[in-house]
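According to the numbering used here, the residues represented by the sequence shown are 5 to 116, in order.
See structure below.
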Amino acid sequence: MNESDQAGLKHQITIRLTELAAEDARGADAREVVELDQQMVGRLSRMDALQMQAMAKAQGARRQLETQRLKAALARMDKGEYGFCEDCGEDIALKRLQLDPAALKCISCASG
């Protein structure tokens with residue numbers, strides 16, 4: 005992988021990290037504690053709110069995991085270890101990295 009390809013991937017990662025931060029900020033209200041005041045909301049509405057809260061928390065956890073993976077990829081770039089399979093040490097295909105910039109394994113090792 006040449007420097008231009010790596011710079012493009014770094015830019016792609018940076019953009020995605022910005023998007024994830026924005027999505028997380030928008031979803032903060034949905035993860036708040038659900039109000040249990042029966043006069044304010046009926047039982048079924050509270051159940052819906054609890055379900056929506058659980059879904060928002062799960063989405064937040066997925067965003068957090070993706071953020072960690074992308075930050076780890078940036079750290080590997082800084083160390084000069086980016087783009088190499090962690091199992092066999094061979095280059096990870098550029099197309100694979102373009103689809104998943106945080107990929108740790110080449111397609112052969114990932115498929116088992």
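Backbone N, C-alpha and C define an ideal beta-carbon position, used for all residues, glycine too.
Cβ separation of residue i and residue j, assumed to be a contact under 8 Å, to the nearest whole Å
i           : j             : result
aspartate 9 : leucine 98    : 6 Å
proline 105 : isoleucine 19 : In fact, because the Cβ distance is near 10 Å, the residues do not count as touching under 8 Å.
Boundaries of the alpha helix (DSSP H) in which residue i is found, first to last residue
i             : result
serine 115    : Note, serine 115: premise wrong, no alpha helix (DSSP H); not H, not E.
methionine 23 : It should be noted that the sequence gives glutamate, not methionine, for residue 23. Residues 7-30.
leucine 98    : 98-103
Coil, strand or helix - residue i by DSSP
i            : result
aspartate 82 : helix
aspartate 52 : helix
Pick from the options that is closest to residue i, judged by C-alpha positions
i                : options                         : result
lysine 75        : His15, Arg66 and Leu21          : Leu21
phenylalanine 88 : Ser115, Ile111, Arg30 and Gln55 : Ile111
glutamine 68     : Leu13, Cys113 and Leu24         : Leu24
leucine 13       : Gly93, Gly64, Lys61 and Arg100  : Arg100
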